[in-house]
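A.B. asks: Next up is a structure, given as structure tokens.
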Amino acid sequence: MAEADGPVSRALRLLPIILTVWILGTFAWRLIQPDDPTIRSQLVNREVPAFDLPAAVPGATGLKSADLATGRPRLLNLFASWCVPCVAEAPVLAEIHRRGVEIDGIAIRDTPGAVGAFLGRHGNPYSRIGSDPTSRAQLALGSAGVPETFVIDGKGVMRLQHVGPIYESDIPAILEALEKAR
Amino acid sequence: MIAEAGLAALWLAAALSLLGLFLSIAHVRGTLEADKAVRALAIVQGLLCLFAFAMLLLVFARTDLSVALVAENSHSAKPLIYKVAGAWGNHEGSMLLWVTVLGLSGAALAALSHRLPSRTLIAALGAQAALALGFHAFLLFASNPFARLNPPAPEGRGLNPLLQDPGLAFHPPTLYLGYVGLSVAFSLAVGALLGGEVNRQLARAMRPWVLGAWIFLTLGITAGSYWAYYELGWGGWWFWDPVENASLMPWLAATALLHSVAVLAARNALKAWTMMLAVIAFSMSMIGTFLVRSGILTSVHAFAVDPLRGSFILGLLAVYVTAAFLLFAVRAPTLREGAPFEPVSREAAIVANNLLLTVILGVVFIGTLYPLLAEATTGEKLSVGAPYFNAVAGPLAILLGILLAVGPLLSWRREGRPVLRRLALPGLFAATALAITFFAIPQSGLLPKFGLALAAGLIPATIIPLIGRNPLRTPLATWGMAIAHLGAAVAVAGMAADSAFTTEKLTAAKPGETVEVGPWLVEFTGVTPAVGPNWTAVEAELRATRGSGVHVLKPQTRFFTNPPTETNEAAIDTLLSGQLYTVVGRSDAEGRWQLRLWWKPLVTLIWFGGGLIGLGGLLALAGHARRAWRRRMAQ
Numbered sequence: 005m006a007e008a009d010g011p012v013s014r015a016l017r018l019l020p021i022i023l024t025v026w027i028l029g030t031f032a033w034r035l036i037q038p039d040d041p042t043i044r045s046q047l048v049n050r051e052v053p054a055f056d057l058p059a060a061v062p063g064a065t066g067l068k069s070a071d072l073a074t075g076r077p078r079l080l081n082l083f084a085s086w087c088v089p090c091v092a093e094a095p096v097l098a099e100i101h102r103r104g105v106e107i108d109g110i111a112i113r114d115t116p117g118a119v120g121a122f123l124g125r126h127g128n129p130y131s132r133i134g135s136d137p138t139s140r141a142q143l144a145l146g147s148a149g150v151p152e153t154f155v156i157d158g159k160g161v162m163r164l165q166h167v168g169p170i171y172e173s174d175i176p177a178i179l180e181a182l183e184k185a186r
Numbered sequence: 003m004i005a006e007a008g009l010a011a012l013w014l015a016a017a018l019s020l021l022g023l024f025l026s027i028a029h030v031r032g033t034l035e036a037d038k039a040v041r042a043l044a045i046v047q048g049l050l051c052l053f054a055f056a057m058l059l060l061v062f063a064r065t066d067l068s069v070a071l072v073a074e075n076s077h078s079a080k081p082l083i084y085k086v087a088g089a090w091g092n093h094e095g096s097m098l099l100w101v102t103v104l105g106l107s108g109a110a111l112a113a114l115s116h117r118l119p120s121r122t123l124i125a126a127l128g129a130q131a132a133l134a135l136g137f138h139a140f141l142l143f144a145s146n147p148f149a150r151l152n153p154p155a156p157e158g159r160g161l162n163p164l165l166q167d168p169g170l171a172f173h174p175p176t177l178y179l180g181y182v183g184l185s186v187a188f189s190l191a192v193g194a195l196l197g198g199e200v201n202r203q204l205a206r207a208m209r210p211w212v213l214g215a216w217i218f219l220t221l222g223i224t225a226g227s228y229w230a231y232y233e234l235g236w237g238g239w240w241f242w243d244p245v246e247n248a249s250l251m252p253w254l255a256a257t258a259l260l261h262s263v264a265v266l267a268a269r270n271a272l273k274a275w276t277m278m279l280a281v282i283a284f285s286m287s288m289i290g291t292f293l294v295r296s297g298i299l300t301s302v303h304a305f306a307v308d309p310l311r312g313s314f315i316l317g318l319l320a321v322y323v324t325a326a327f328l329l330f331a332v333r334a335p336t337l338r339e340g341a342p343f344e345p346v347s348r349e350a351a352i353v354a355n356n357l358l359l360t361v362i363l364g365v366v367f368i369g370t371l372y373p374l375l376a377e378a379t380t381g382e383k384l385s386v387g388a389p390y391f392n393a394v395a396g397p398l399a400i401l402l403g404i405l406l407a408v409g410p411l412l413s414w415r416r417e418g419r420p421v422l423r424r425l426a427l428p429g430l431f432a433a434t435a436l437a438i439t440f441f442a443i444p445q446s447g448l449l450p451k452f453g454l455a456l457a458a459g460l461i462p463a464t465i466i467p468l469i470g471r472n473p474l475r476t477p478l479a480t481w482g483m484a485i486a487h488l489g490a491a492v493a494v495a496g497m498a499a500d501s502a503f504t505t506e507k508l509t510a511a512k513p514g515e516t517v518e519v520g521p522w523l524v525e526f527t528g529v530t531p532a533v534g535p536n537w538t539a540v541e542a543e544l545r546a547t548r549g550s551g552v553h554v555l556k557p558q559t560r561f562f563t564n565p566p567t568e569t570n571e572a573a574i575d576t577l578l579s580g581q582l583y584t585v586v587g588r589s590d591a592e593g594r595w596q597l598r599l600w601w602k603p604l605v606t607l608i609w610f611g612g613g614l615i616g617l618g619g620l621l622a623l624a625g626h627a628r629r630a631w632r633r634r635m636a637q
């Protein structure tokens, strides 16, 4: 609204254009680079929330959050018998287990019979398997789907969240994270 | 044939806007006398758009499944009103509605403006034609609503059940009339900057257009808020969702413009600022359209994401907005402002009003885009929600409310009367109300307390300017102003009451159990199945009482088959003292049903206030129109 016509006011007059170009540039950036819809857990680098789950299959051991703080880093794998990518992931988990990594599992929205059949068919790399029929523990962990895998350090602190199945090619990264969590 | 006729009309309209653009350029440069031709072209172009839109309504009403858009968004087994309203319940149809309103705005400008200098008007019509041309290209090349499907689909895919509601018939067209109606203010500003005639005459010509668009925006937002409130079953009336903000931002800009254009009309001042606001207001409409249509922001309004369409609108946005700002940067220094304002005068109050509205606009704009800007610069993902908006925009809105009490009491140029004395009564009301809230509702936040106090003071303050005047002699515009301001006070009362007094109960109940919410005892008697034209439902019966009389509410969970979707139909009992809002959810294994109950005292005031604001606008518009008509008759 000022009447001055010096260099400052000229810069002011161009300000809307500069702002516009900046904002439009951001819009264009987003259009070119679509949103990554992966939901990241807010708990990475924080202690795993408290849960206490019964065993997912008769004869197995249940899982509570205190079990994760054993002094040694381990994996926490969320899976389900009804989940097809979990089938694809099973041999990779078995391979990681063979290399001496301890893995705990949580069966999401599953039944003992179905989990038993799944483990019978695809092998059982898990030390303990908790059952989470209502996804309560899953949501508390900040996970939005199956399979998902967390690297938990010896103190029970979440160090890495891996969304989706672990492929052969992901093994080095997972092992490295476990090494770092030591 | 119907679809082809519609498509042909669109192409023809696009060709006419191109012709209109060239002729108006020639006219403004003085190489050709084309005043009448440009006006005629604008009118015919608008009518052709209207014709195309009518053809779209027709193919939807007949459920012509050989039209791809109908097959994708409609279904033969759907009530006729939703077949017709479904025409704009999708991307292509809604963009055609957009273009139609744009065309009709241009036509109305050409037909109704008599008092503007020819150069300004023709330049404005040229700007309008340029806008129309771009959006026509968008329709024809990236969003053809009339594309055929060969072979025709055996049945349509149906309309999203959330949209199968009378709200769809009213909310989008109203909002679009507001959004796109602002294009006239934009074009007039461009025309006046090109013609170099920014003066009172321009302000008087621009004012009815701003007022009209603003009325539609107000009513559209109010209706949309109520629609979301009862249809989503979440019990809230505003979520600071990006799409809601996309409609609020043009409204804030238009509200500021409405007031600054009044200063321009009365005092021949705020020239550059008013032109700037006119450009910003419609730019906000276009940005809103882009945000909604490109889907780049996460929103509950799930629209399809399409990068091509997004890029197209972004391109249009970039051209129009930067061109207008460039024109402004070049021409603004040539505008001569009048004498500075007295600090205590109506125009000074309006300047403060404009500043506050602009800051609120900035707050909403930054909050809406911040997640995007943050991710672009730091890669960090975050979301901005109600806590930010309420905390930052809320206090500013309270300040604006205080100004609203003072402004109308001041006269133009210089206030000689003792203003403070006239404000004593409202001030007393507000202070008393504030004191009461601290005792009565200590648990509520500061903002609801100040909101209630503000409303208590504002309601008498808005009436004071009418006191002592002969009601029949008082100009309609003054009545309109008082009623619109009263509406704002009433809406603030509703908003504050809703956040201060609402009680909520989320529970699972077996049939026969009684639940308590606020002063109500609600008995859950059981569930029964219910059937509608294209849905089945589980219907709960709730018998609510607070002392005397029983209110029966029947919330439903509806299951639609085309497409298969489940929706919650809230049952709402509206009383003078507030609303009882009930939602039924799922049942568990033990036969308990999820019930969500709210008692919301005075919540209806929010939308009643919104309606009053719109009514005030209508009265003011009628007043201006009558005065303009009389002046024409007198000549």
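Same order as they appear, the protein sequences are chains A and B.
The numbering of the first sequence is my numbering, which starts it at 5 and goes up by one.
The numbering of the second sequence is my numbering, which starts it at 3 and goes up by one.
Ideal Cβ placement from N, Cα and C applies to all residues, glycine included.
Below 8 Å, is the gap between the Cβ of residue 73/B and the nearest heavy atom of the ligand NAP?
C.D. replies: Among the components modelled here there is no ligand, and therefore nothing to report on the ligand NAP.
A.B. asks: With distance defined between alpha-carbon atoms, name the residue in 146/A, 169/A, 152/A and 87/A nearest to residue 50/A.
C.D. replies: Residue numbering aside, residue 50/A sits at position 46 when the first sequence is read from its first letter. Checking every option, the nearest Cα to that of residue 50/A belongs to 146/A.
A.B. asks: Please name the residues in the region 370-402 of chain B whose beta-carbon is closer than 9 Å to at least one beta-carbon of chain A, in chain order.
C.D. replies: If the cut-off is 9 Å between Cβ atoms, the region 370-402 of chain B has 371, 374, 375, 377, 378, 379 and 383 near chain A.
A.B. asks: If we cut at 9 Å on Cβ distances, does residue 278/B have a partner in chain A?
C.D. replies: Reading the second sequence from its first residue, position 276 is the one you call residue 278/B. Chain A, which has a Cβ nearer than 9 Å to the Cβ of residue 278/B, makes this yes.
A.B. asks: Can you give the Cα-Cα distance for residue 412/B and residue 420/B, rounded to whole angstroms?
C.D. replies: In the second sequence, residue 412/B corresponds to position 410, counting from 1. In the second sequence, residue 420/B corresponds to position 418, counting from 1. Taking the straight line joining both Cα atoms gives about 10 Å.
A.B. asks: Whose Cβ in chain B lies nearer than 8 Å to the Cβ of residue 32/A?
C.D. replies: Taking the first residue of the first sequence as position 1, residue 32/A is located at position 28. Simply 313 and 316.
A.B. asks: Which residue comes first and which comes last in the alpha helix (DSSP H) that contains residue 80/A?
C.D. replies: Sequence index remark: in the first sequence, residue 80/A carries index 76 (1-based). That residue, residue 80/A, is in no alpha helix (DSSP H); its beta strand (DSSP E) goes 78-83.
A.B. asks: What is the DSSP secondary structure of residue 309/B, reduced to helix, strand or coil?
C.D. replies: In the second sequence, residue 309/B corresponds to position 307, counting from 1. Three-state DSSP puts residue 309/B in a helix.
A.B. asks: Using three-state DSSP, classify residue 245/B as helix, strand or coil.
C.D. replies: Position 243 of the second sequence, counted from the start, is the residue given in the question as residue 245/B. Correct three-state label for residue 245/B: helix.
A.B. asks: Using a beta-carbon distance below 9 Å, is residue 25/A in contact with chain B?
C.D. replies: Position 21 of the first sequence holds residue 25/A. Yes, residue 25/A counts as interfacial toward chain B.
A.B. asks: Measure from the C-beta of residue 320/B to each C-beta in chain A and report whether the shortest distance is under 9 Å.
C.D. replies: Counting from one through the second sequence, the residue named residue 320/B turns up at place 318. Chain A contact via Cβ: present.
A.B. asks: Using three-state DSSP, classify residue 159/A as helix, strand or coil.
C.D. replies: Residue numbering aside, residue 159/A sits at position 155 when the first sequence is read from its first letter. Coil.
A.B. asks: Give me, in chain order, the residues of the same chain whose beta-carbon lies closer than 6 Å to that of residue 106/A; leave out the 5 immediate sequence neighbours on both sides.
C.D. replies: On the first sequence, residue 106/A is found 102 positions in, with the first residue counted as 1. So the list reads 78 and 131, once near-sequence residues are dropped.
A.B. asks: Taking the alpha helix (DSSP H) that residue 37/B belongs to, which residues open and close that run?
C.D. replies: On the second sequence, position 35 is the one that residue 37/B refers to. Here the alpha helix (DSSP H) through residue 37/B covers 37-63.
A.B. asks: Strictly under 9 Å for the Cβ-Cβ distance: is residue 323/B near chain A by that measure?
C.D. replies: Residue numbering aside, residue 323/B sits at position 321 when the second sequence is read from its first letter. Yes - at least one Cβ of chain A is within 9 Å of the one on residue 323/B.
A.B. asks: Suppose the cutoff is 7 Å on Cβ atoms and the five residues either side in sequence are ignored; what does the same chain contact list for residue 135/B look like?
C.D. replies: For the purposes of this step, residue 135/B is taken as residue 133 along the second sequence, with counting starting at 1. Once the five neighbours on either side are set aside, the close Cβ partners of residue 135/B are 16, 19, 20 and 23.
A.B. asks: Are residue 287/B and residue 315/B closer than 9 Å when you measure CB to CB?
C.D. replies: One-based indexing of the second sequence puts residue 287/B at position 285. One-based indexing of the second sequence puts residue 315/B at position 313. Contact flag unset, no.
A.B. asks: Helix, strand or coil, according to DSSP, for residue 390/B in the structure here?
C.D. replies: Position 388 of the second sequence holds residue 390/B. If DSSP states are grouped into helix, strand and coil, residue 390/B belongs with the helices.
A.B. asks: Quick one: what does DSSP say residue 165/A is sitting in, helix, strand or coil?
C.D. replies: Here residue 165/A corresponds to residue number 161 of the first sequence, with the count starting at 1. Note: residue 165/A maps to strand in three-state DSSP.
A.B. asks: Any idea if residue 251/B is buried or exposed, counting beta-carbon neighbours within 10 angstroms, 16 or more meaning buried?
C.D. replies: Within the second sequence, numbered from 1, the residue matching residue 251/B stands at position 249. When all chains shown are included, residue 251/B counts as buried.
A.B. asks: Under 9 Å, Cβ to Cβ, is there at least one residue of chain E near residue 330/B?
C.D. replies: Among the protein chains in the structure shown, which are A and B, there is no chain E.
A.B. asks: Measure from the C-beta of residue 298/B to each C-beta in chain A and report whether the shortest distance is under 9 Å.
C.D. replies: In the second sequence, the residue the question calls residue 298/B occupies position 296. Closer than 9 Å to some Cβ of chain A, the Cβ of residue 298/B qualifies, so yes.
A.B. asks: Looking at the secondary structure, which residues open and close the alpha helix (DSSP H) in which residue 228/B lies?
C.D. replies: As a working mapping, residue 228/B is identified with position 226 in the second sequence. 202-233 is the extent of the alpha helix (DSSP H) around residue 228/B.
A.B. asks: For a test of the three-state rule: what should DSSP assign to residue 366/B, helix, strand or coil?
C.D. replies: Within the second sequence, the letter at position 364 stands for residue 366/B. Here residue 366/B sits in helix by DSSP.
A.B. asks: Just how far apart, CA to CA, sit residue 282/B and residue 105/B?
C.D. replies: To locate residue 282/B, count along the second sequence from 1; it is residue 280. To locate residue 105/B, count along the second sequence from 1; it is residue 103. Roughly 20 Å separates the two Cα atoms.
A.B. asks: Does DSSP classify residue 514/B as helix, strand or coil?
C.D. replies: Position 512 of the second sequence, counting from 1, holds the residue named residue 514/B. Residue state, collapsed to three classes: coil.
A.B. asks: What residue does the beta strand (DSSP E) around residue 152/B start on, and which one ends it?
C.D. replies: Locating residue 152/B in the second sequence gives position 150, where the first residue counts as 1. Note, residue 152/B: premise wrong, no beta strand (DSSP E); not H, not E.
A.B. asks: Helix, strand or coil for residue 508/B, going by three-state DSSP, please let me know.
C.D. replies: For the purposes of this step, residue 508/B is taken as the residue at position 506 of the second sequence. Strand.
A.B. asks: Taking the straight line between their C-alpha atoms, what separation do you get for residue 34/A and residue 285/B?
C.D. replies: For the purposes of this step, residue 34/A is identified with residue 30 of the first sequence, where counting begins at 1. For the purposes of this step, residue 285/B is identified with residue 283 of the second sequence, where counting begins at 1. Taking the straight line joining both Cα atoms gives about 20 Å.
A.B. asks: Counting only runs that start and end within the region 67-119 of chain B, where is the alpha helix (DSSP H) found for 4 or more residues in a row?
C.D. replies: 70-75, 82-87 and 93-114, all fully within the region 67-119 of chain B.
A.B. asks: Please name the residue in 503/B, 49/B and 72/B whose C-alpha comes closest to that of residue 1/B.
C.D. replies: With chain B covering 3 to 637 only, the question about residue 1/B has no answer from this structure.
A.B. asks: Looking at the strands, I want to know which residues DSSP matches up with residue 531/B.
C.D. replies: Position 529 of the second sequence, counting from 1, holds the residue named residue 531/B. Paired residue(s): 540/B.
A.B. asks: For residue 275/B, does the three-state DSSP call read helix, strand or coil?
C.D. replies: Counted from its first residue, the second sequence places residue 275/B at position 273. Note: residue 275/B maps to helix in three-state DSSP.
A.B. asks: Would residue 28/A pass as an interface residue toward chain B - the criterion being a Cβ-Cβ separation below 9 Å?
C.D. replies: For this step, residue 28/A is matched to residue 24 along the first sequence. Answer yes: the Cβ-Cβ gap between residue 28/A and chain B drops below 9 Å somewhere.
A.B. asks: What are the uninterrupted segments assigned as alpha helix (DSSP H) that are 4 or more residues long and contained completely in the region 53-124 of chain A, given in chain order?
C.D. replies: Counting only runs of 4 or more, we get 88-102.
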